[in-house]
Structures are given as structure tokens and as C-alpha cells.
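Asker: Residue numbers (this note's numbering), protein chains in the order written: chain A, 1022 to 1206; chain B, 1022 to 1206; chain C, 3 to 387; chain D, 3 to 387. Beta carbons: idealized from backbone N, C-alpha and C, even for Gly.
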């Protein structure tokens, strides 16, 4: 993995954030901005680490995990979809980690931890939105809103109400993927 | 009626058309435009006269007219709605000749001829769209598409598929009214 | 009667009657006269008006008493809306692209006149947060001087708008924190990922002064709902956790946070924990809470479920006395609901957005369901303050 | 593996297993490996792809064989769409406002790559016609040199676009006329309110030369459907009237129009007249006609009704041989349909948009309904040329 997809996206995000700060500076800051200092790291991905690690009651299996299936990734109860909010890209011409043609995957995402019923292992799932096109009009079966370990927006990396479309050509939401990042251990 | 609503709208339309021609000239005409001469009058309202006057089989009453009611103007079968296409403004905070708050009536409209079951007279109805706001989300009962004496777009003043929003601040369609213009005789 | 109208009159004069074969009614009714097109205006905002988000395009303004539509405000599900304390204006923050799904991004604050629903003013904003179902993405202070708009790009910030001058005063970065809970005046607090509050005082000169409170909840253990309630007029917030603990706070540079109490315990039920297999009555939904501010009764959408069901629709609404910490009543809903709202008058109505897209209207004087109508209701409903 | 990804890896390494209480499967399955996000590309456009308008926001691209969604193109009901003769591009004309329902109006021609569905180019246009449900608001000539876009503001005009240079060549006023029926090359004809055609030749230098044909139908007596069919490859049009008369025309500076024949008569039924109480089988819908160009069989959505039911949904599709002027078969639809389309291959499929929002797929080899699925189908459906 010499120049990985993630690397490229990371670069993209850096550029985008620089632009965003620049734009904000131009438009909004009448005087000097008040910057709130905090002990929390700024990068969402680092916060996600804490969120995923400190799940309460981790010894028990959630109702979602208990009922999840591993055969049809175009259904809400597919095991990776334990904390997804949106339209499944697999119902839109994409796949479980594939954006439909004409859309772009967001370089950043929210993170869930879901249990695979086949091997009983838990995996970290990156719920990457596909962006830049009007909403996918798929079957209502493909509109999911699950909530295992989903946290409020002040823990953004664990929040699935955010439109995770920060790095693409536009932040218009099309659908959501559930890419496997690695085993949760 | 010293300075009628129609007069004001007529002025607005004239201004708008002038702007339209101006914009087209700027953007589009690379060379000199080819102008098609025709024996037809250009003003849609004059064409409507012909359309309304020459209805075939005028001796019989259409199924719509036969079944029409005169008590509930928020239903598709209200007598004035014999050639309406869209959402009834009476279901949207407006009325049969009243635009909902925050919208503007189009200065021009398509024209229908409908029979009033109370007096058995036929009246000319001006189907004026209300414009400048996103679509009214009313009850499905209020979405009508009737077709008595409705003619194709090459007879625009008798056509109800056109977004009749030519004179307002934007041509975004919100709902449709059915104002009484006069007796059809 | 000149110009265009004269031509229309000429046209009318030449049109033949289209039903000569039918006899006229025996009683000769007068010929109906021509009408002029006009535009409706609304009376002063009534306490029983209700403003649900509908489909993905609008906030539809209904009369809660008769179910009639009064008007439409343009709003996507990502728009945020505030009815001003004087009920004379409606603010909507919205984001759009010049070419629908591409082109230039526009983040706007729009002010609508509540009687004409006309767009009175609009203001370009820095990029605002695109995150659904959060009333507290945007609020104004009680005296209507400042508006506070949450940004997330993905760093957290709040844009402060001077509502009189209608201009952006500044953007305040709030790293690790989110949302705005306005003070009675002159500032706001935000919830933070470490369980604390960040408090931002904004002086009349626009200068921002920031303080931090100590953590009072655990974002990992039992987070506070984003949809916790702000009472602008008093500068209070009612922070409610996933498991149903309520903490009243008086906001300011040094917020005062009262001891937590349990919704379930107040109702004589077991206190709900955070077990993923622990069945209990729990709050849930996209707008799970509302308050009747006259007596500070809390209305909570409740369902039976395990932990991590904080978005699950409620089958009942529980009315709770937030001063006595006791249940007033449980209201069975006609259908599971994701959002709840309440009118602020002496004959209060309860509104609930069904999962099925219905708006349910319940008379709180007798608990009866007045209406249960499909309106393509979305994730939120507003009522006049 | 640097930067952002390294941080993610560090995170993964620190996350604990969330289900230690459960035994692993007896057969130790290999640990699943990390995936990379990617973007789907499509194969060359298949004959059985089908592109219905869905809801008010999109054209959804389906595989007609299995009903799967292949992708999405952004399109309101007022957008017009052309799949190029080589099937490599999809053109969409669209109108939007920079701030959703206000702000600057943008009229755009957009070219999408049919494999990536990416927007390759876009071009600002003069204001185009905002009028629903008309394929012939926009078309291209057979060799893909010119695009013709109908304007109505409210005066009638056509914008001519050079598709190679991707620029507006000129706007041709066509007073009293509307729509574009492309010639085999170098021009288009429009239907006029006096029952004639206006014919516009566009030279390779962009110069326009206009001719008028004599009236051949009565707009008042029995108008020609706007949704009459254009066969680009041959420069033919099939003009069909409200009452079901078909007139084939070869288009050019001097169009040749063949004698009208009756759909109903071809089917052994009484010829339908224009009586408002005259019950007959009649065409109707928002896209009432399609043609299988291999053998020029016409597919017409038919219903029983009186005159002025030209928008009424069809209960049957009639397949008609346009050369022999005879009925081939009548196909009963599972539900009334407003739009009909047909694939252009040796195993043709018939598509019908139900009034109920379903897309019906019928195998024309045996007449069987393959699928009847709710997809929020709109007023039109396209198939590859």
C-alpha cells in the first residue's frame, strides 16, 4: 500500500479544511475570533478512538447484533449496519464499500463497531457517505437508521446525523457505505 | 377599477418580457437571430380566445362538468377545476383566487371554460399559478390534473403543463388558483 | 380597465356558451362576477399554529385547531428554524448549491415576516453544520439581539449574528463542543465531548469571552441528548441523558447545574441503566422532548427498549412535573412517534410526528386525539414560543 | 501507509473486542480484512437499462432485467433528457435557482458520461421552457452535432447548441409554435397552433433558414399530441392526435406528411371522434406512446373514455404495426399507467409507469409481467436508443 486511498483522502481533507478556514476568515470574522481552548483533540478521528473504546456494557450483545444477518448487504439488518443512518449505497448502484457512479466517498466518516455473526468478532466500520449528487431514490427497505453506540454531535466521529461529506466537490448527500476498517481488538 | 390588478400585472409582464429578450440577446445570439414570421398572434392571451371559442362538440357536457360540485373548492371536482393541473391553493393557505402568503400570482395564466352546476352557465376561468416558493405539501386530494379543453403547448394559453410563473420574482411553482374571469358568452 | 385587461374582456365577449342544450335553472341566479387575484395574509400568530417539517422541501404551517394549511416556508431537513419570542418573525438557516447538487454553496440566514411569510432579509453565513434533527443547531437569545448558528466543517464553531444589524459579528471556535443553548441574554453554552459545557459570553461590542464548566455527564457512559431543551426566556436548559436522567441548568458564564433525576423513577418505574440487554421504558426519537413552559411540565416520547434505542420512536408521551419530579400522566399515542411538540397556551395541544408521516394532535385538557392525519411529517415540529 | 491512515490503524489497535462473552465459531474463520472505498463504474449501456424519472429529484437508472438500481442522475420533473445515439453520453437540460426558490436562475445543459455518470461539461443556456412531461422539449440530431432546446418565456423560441464545441449557436424565434422534432441532420421542425409545421434548417455555419408547411391538423378540432414520437435516425416523426389518428412525417425543409390512419380502426374498433360524451378506446397519459424502431411497431397507452381524456392513464398497451396499420396485440397492464417505453433490442421489454408510482416491466416475447415494483415513478421513462 504505497499511496493508499486513505492517504489521498487525507490530503484532500487537509486541503478542504484549509479552504474552509480561509473562507470563514474572509466572510465571517469581523474582529479576531475567540478561540476556545480545550483538552480534547481537534481531529474527529482521534475522538472516535475514545468513543469506540469506551462503549458501556461491552460484555453483552445488542439487539441489533443479536438479530443481524450476513448474507444481504442491501438490508438494514446486515451486520455492518449497526449504526448507519441513511440510504444504503448497495441499493443505489454502489456496494457496501463502493459509491454509486457519479458520486464521491467522503474522506472522513463516522465510526461504528459491529459484530459479525459469522465469526462472532467485532469490527470497526467506517460509515462513509457518498456525496455530490441528489439523494438516491431507492426502496424504503434501504433507508436505515440504526443506533448502536451512536453518540451526539459533540462526539462527531460517533454521530450518524452529520452529513459526512466534507472533502468532495459538494456536500450534497447521496447514500451511505459501511466499509470494514479492521477488527475491533 | 381605476388601476386594476390586471393592469399592474400587464405592466409587470411587459417589463419581464423585455428583460427576457434582453437576457437572451446577451447570452445566446451569436449572430443575428432568425425570426420566424407567422400569421399567428404572438400574445398568448389572444390565442386563448381562439382556443376557448372553437371547442368541439360544445353542445354536450363533459364528464367533468356533469359530475362537478359547487360546494368544496378544495377538491379536484369543484366546478372551476375542469382544466387544472397542480396543487389547489385553497389547500395551501390561499383560496380559489388567492395565493398563499409568501407567494405571488402569475400575471399570465392558462384559460379554461367550465360549467357552473348552480346556474348551468359556462364561465371562463383563469388558472393562475402562485409562484416563488417551493411546492406546497398539501393533501394528495388537492393534487389535480383535469383536462377539459386542454390543448398542447403550441396553444400555450390553453395548456396546463406550463409553469405559469412568468412575471414574479422566481418561476418556482407553488400551487394553482382558478379565478373567475367572466361568463363564457 | 386598459391594456391587458381590455383584451381579456374582449375575449370573454366573443366566447360562446358551451352548454346551450341545457335548460337554465328555474330561479335565474345572477351571473358570477370576475374576481381579482390576491395574496393571503395571516393574522397574528396563534398559539395553536404548528409548524412541522414536511417532505424534504418545506415547513408547512398548520392551524392545529382545524388542521388547515396556513402557509409554507421553504426548508430542507437540514434547515434550522426559530420563531422569534415576539412571534413576529421566523428565522430559517439553510444551505443550498447554486446548481442543485453542485456549484457554489450558499449558507444563508433568512428572516420571514410571520404574517406575510415573505422573506424580509437574508444574510450570507460561513458554512453551517449540515446535521439533521437538531433544534439547538440554531437559536436566538431571549431579547432577540443575537443569533447563534452552529458550524461543523468538521471543526466546531459558532457564528454569532447581530440580528438588529443583520450581520455576522464573529465566529467563535468551540473545539470538541457542539450546539447552542442560549442564555437569557448575551451568550450561549455548548455541550462538549468531555461532558462539560463551554460558555461563550458575547458583549454588546461583539467581544466573546469563553469559560469552561466542569464535566457533569459522561459522553461515553450516558450522553446528554442533543435535543435537550433550552428555555430562552429564563436562560435555562434541561439536559436529558439517553437513559432518561434530567439535569436542569441555569446557563451563563458559570452555569449552575442541578442534581439529576430519573424520568423513570419519577414515574414509579425502575431507573433505566445503560445495559444493551436491559429492557426499560426509555426516551427516544428525533425530537423526543417538549416542555410546557407555563408549569414546566416535560413531555417525553417513551418506548420500551434496551440501551442504544435513543432514536427509536415513542409509543407513549409521558408528562412529568420537573419541579416535583413526578409523573403527571402517560398518554398513549395512536401510532409510534418520532417527534413531540406542545402549544404554549391555556388550552394546550400536544403534537406528535408519526413514523408513518402522520401529524397527531391531542387535546391536553382531556387527552383526546383530535386529529391523526398524513402530512408527510418529518423529524421535527415547531410551535410558537 | 502514512498520515491519516496510520492514525486510523492506531485507533483500531486500541479498540477492544466488544463481545468477549461469546464463544468464537468452532471453525476459526479468518479475520476480515480492511476494505478501500471506491466508486462504481458502469459497463457499456445495455439495451435493457431503463431510466424513469423518480420522485421530484432524479432520473434513476435501473437494470430492467433484475430491477437493480445502477445509478442516479439529478433531474427535476422539468428537466429534459437525451441519451445520445452512441449511448456514451446523457444530456440533461435543467433549471434551478441559486437559493432553491429564489436568487439567480440558472438554465443549464449538462453532459454526463454514461459509464461514470460524472458531469463532463455544462453550459449556461437562455431561459428554457418550464413545462412538464415533454420529451420533445429537447432533442439532438442523429449525428449528434446539434442540440435543440425549446424556450418559452412566454414567447416561443428554440436554442440551438453546437454539441461538439459545446456552445450556444443561436436562438431561433418560432412564434406560435413549440417543441422540437429533429431531422436526420441539420435542423428541426416544430408544431404550430395553426396546425402547421415550422421547419428550421441550421447550416454547418450555424445559419438558420426557416420554412412553413401547410396546416395538416386542427389544434382546436383534434390536436396532435406534444408527446408524438421523433425517430432521429430517419428524421421521421409520428404525429398522433388526441382521438388516435397517426400521421407519419418525413421531416426537412419541406416535410412530407402521410395520410392519417386510426389506431382504433386498425384494432377493429370504431374510429374515435371528439365527442365529450363519445365513449371509445383512446390514447392517454403523460408519455402515451413508444416505438420499437426495429419494426416500427407503435405502443400506445389506451383507456376507455370520452374526448378530453388525453392525460388519463391507460389500462392497456396496444401494439400496432405502423406500416400495415393493424393491431398486433393488446397487453393488459397490472395497473393503470401514465407512461410507456420500450427497449430497442431483439428481446424487447415494455416499461410502464403506474399511476401508483410502480414501474411495470413486461417481457414482449411472451407478454408476461416480470416486475411491478414501487419506485416513485414519475411522468416519464427513457430507454437507450
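Which whole-angstrom value describes the C-beta separation of residue 342 of chain C and residue 319 of chain C, a residue pair presumed to lie in contact below a C-beta threshold of 8 angstroms?
Answerer: That pair is a contact at about 6 angstroms.
Asker: Which residues in chain D have a C-beta closer than 9 angstroms to the C-beta of residue 1112 of chain A? List them in chain order.
Answerer: Neighbours of residue 1112 of chain A on chain D, chain order: 70, 71.
Asker: Closest to residue 43 of chain C by C-alpha separation, out of B/1106, B/1124, B/1133, would be which residue?
Answerer: Of the candidates B/1106, B/1124, B/1133, the one whose C-alpha sits nearest the C-alpha of residue 43 of chain C is B/1124.
Asker: Take the Cβ of residue 1129 of chain A as the centre, count every other Cβ of all protein chains shown within 10 Å, and call the residue buried at 16 or more, exposed below.
Answerer: Buried, because 16 or more other Cβ atoms sit within 10 Å of the Cβ of residue 1129 of chain A.
Asker: With 8 angstroms set as the bound, which would you pick, yes or no: does the beta-carbon of residue 233 of chain C sit closer than that to a beta-carbon of chain E?
Answerer: Judged by its chain identifiers, the structure shown contains no chain E, and its protein chains are A, B, C and D.
Asker: Where are the beta strand (DSSP E) runs, 3 residues long or more, that stay fully inside the segment 1082–1154 of chain A, in chain order?
Answerer: Correct list: 1106–1108, 1131–1136, 1143–1148, 1150–1152.
Asker: Where are the beta strand (DSSP E) runs, 3 residues long or more, that stay fully inside the segment 255–338 of chain C, in chain order?
Answerer: Runs of the beta strand (DSSP E) inside the segment 255–338 of chain C: 282–285, 291–294, 299–307, 316–323.
Asker: Decide if residue 47 of chain D is buried, meaning its Cβ has at least 16 other Cβ atoms within 10 Å, or exposed.
Answerer: Label assigned to residue 47 of chain D: buried.
Asker: Which residue comes first and which comes last in the beta strand (DSSP E) that contains residue 89 of chain C?
Answerer: Element bounds for residue 89 of chain C: n/a, residue is neither H nor E.
Asker: Just to confirm, does residue 156 of chain C get its C-beta within under 7 angstroms of one of the non-hydrogen atoms of the ligand SAM?
Answerer: The ligand SAM is not part of this structure, which contains no ligands at all.
Asker: Contact between the segment 1174–1186 of chain A and the segment 1099–1111 of chain A: three or more CB pairs below 8 angstroms?
Answerer: Cβ pair count under 8 angstroms is three or more, so yes.
Asker: On the three-state DSSP scale, how would you describe residue 30 of chain C?
Answerer: The answer is coil: DSSP assigns residue 30 of chain C none of H, G, I, E or B.
Asker: What residues in its chain sit with their C-beta under 7 angstroms from that of residue 80 of chain D, if we drop five residues either side in the sequence?
Answerer: Counting only Cβ-Cβ distances below 7 angstroms, and skipping sequence neighbours, we find 97, 132, 134.
Asker: Alpha carbon to alpha carbon, how far is residue 327 of chain C from residue 197 of chain C? Give it in angstroms, no decimals.
Answerer: Using only the alpha carbons, I get a separation of about 23 angstroms.
Asker: One question on the structure: do residue 1098 of chain B and residue 1135 of chain B come within less than 8 angstroms of each other, judged by their Cβ atoms?
Answerer: Cβ atoms of residue 1098 of chain B and residue 1135 of chain B: not closer than 8 angstroms.
Asker: Evaluate the contact criterion for the segment 59–67 of chain D versus the segment 1148–1159 of chain A: three or more CB pairs, one atom per stretch, below 8 angstroms.
Answerer: The segment 59–67 of chain D is in contact with the segment 1148–1159 of chain A.
Asker: Tell me where the beta strand (DSSP E) around residue 214 of chain D begins and ends.
Answerer: From DSSP, the beta strand (DSSP E) with residue 214 of chain D extends over 210–214.
Asker: Just checking: is the beta-carbon of residue 1126 of chain B within a distance shorter than 8 angstroms of some beta-carbon in chain C?
Answerer: Yes, residue 1126 of chain B lies at the interface with chain C (some Cβ there is under 8 angstroms from its Cβ).
Asker: Can you tell me the Cβ-Cβ gap for residue 1 of chain C and residue 183 of chain C, rounded? I've got them flagged as a contact below 8 angstroms.
Answerer: No answer is possible for residue 1 of chain C: it lies beyond the span of chain C, which begins at 3 and ends at 387.
Asker: With a threshold of 8 angstroms between beta-carbons, can residue 1155 of chain B be considered close to chain D, or not?
Answerer: True, the Cβ-Cβ gap to chain D drops below 8 angstroms.
Asker: So what does DSSP say about residue 1177 of chain A, is it helix, strand or coil?
Answerer: Residue 1177 of chain A: helix per DSSP, three-state reduction.
Asker: Are the beta-carbon atoms belonging to residue 335 of chain C and residue 308 of chain C less than 8 angstroms from one another?
Answerer: The answer is no: Cβ separation not under 8 angstroms.
Asker: Step through the CB atoms of chain D and report whether any lies within less than 8 angstroms of the CB of residue 98 of chain C.
Answerer: Closer than 8 angstroms: yes.
Asker: Counting contacts by CB-CB distance shorter than 8 angstroms, is residue 1072 of chain A in contact with chain C?
Answerer: Note that residue 1072 of chain A scores a pLDDT of 41, beneath 50, so its modelled location is shaky; the value from the coordinates is reported in the next line. By this cut-off, residue 1072 of chain A is an interface position.
Asker: With 16 as the cutoff for other CB atoms within 10 Å, does residue 244 of chain D come out buried or exposed?
Answerer: By the 10 Å Cβ count, residue 244 of chain D comes out buried.
Asker: Output needed in chain order: residues of the segment 253–284 of chain D with a Cβ under 9 angstroms from some Cβ in chain B.
Answerer: Within the segment 253–284 of chain D, the qualifying residues are 275, 276, 277, 278, 279, 280.
Asker: Kindly say whether residue 222 of chain C, judged by its beta-carbon, lies nearer than 8 angstroms to any beta-carbon of chain D.
Answerer: For residue 222 of chain C, the answer is no, since every Cβ of chain D falls outside 8 angstroms of its Cβ.
Asker: Measure the CB-CB distance between residue 171 of chain C and residue 162 of chain C and report whether it falls below 8 angstroms.
Answerer: Against a cut-off of 8 angstroms, the Cβ pair of residue 162 of chain C and residue 171 of chain C comes out as a contact.
Asker: May I ask which residues mark the beginning and end of the beta strand (DSSP E) holding residue 360 of chain D?
Answerer: Here the beta strand (DSSP E) through residue 360 of chain D covers 360–365.
Asker: So, residue 232 of chain C versus residue 221 of chain C, is the Cβ gap smaller than 8 angstroms?
Answerer: No, these two residues do not count as a Cβ contact at 8 angstroms.
Asker: Once you ignore the five residues that flank residue 58 of chain D on each side, which residues in its own chain have a CB closer than 7 angstroms to its CB?
Answerer: These residues qualify, in order along the chain: 78, 79.
Asker: Which same chain residues, not among the five before or five after residue 139 of chain C, have their C-beta less than 8 angstroms away from its C-beta?
Answerer: Within the same chain, residue 139 of chain C has close Cβ partners 82, 95, 130, 131, 133, 151, 152, 181, 182.
Asker: State the CB to CB distance for the pair residue 292 of chain D and residue 315 of chain D, rounded to an integer number of angstroms; the pair is presumed to be in contact (CB under 8 angstroms).
Answerer: No, residue 292 of chain D and residue 315 of chain D are not in contact; Cβ-Cβ is about 15 angstroms, not under 8 angstroms.
Asker: Shortest alpha-carbon distance to residue 298 of chain C belongs to which of C/166, C/330, C/286?
Answerer: When each option's Cα is compared against that of residue 298 of chain C, the closest is C/330.
Asker: Give me the DSSP bridge partner(s) of residue 218 of chain C.
Answerer: Paired residue(s): none; residue 218 of chain C is not in a bridge.
Asker: Report yes if the CB atom of residue 124 of chain C is closer than 8 angstroms to the CB atom of residue 111 of chain C, and no otherwise.
Answerer: Against a cut-off of 8 angstroms, the Cβ pair of residue 111 of chain C and residue 124 of chain C comes out as a contact.
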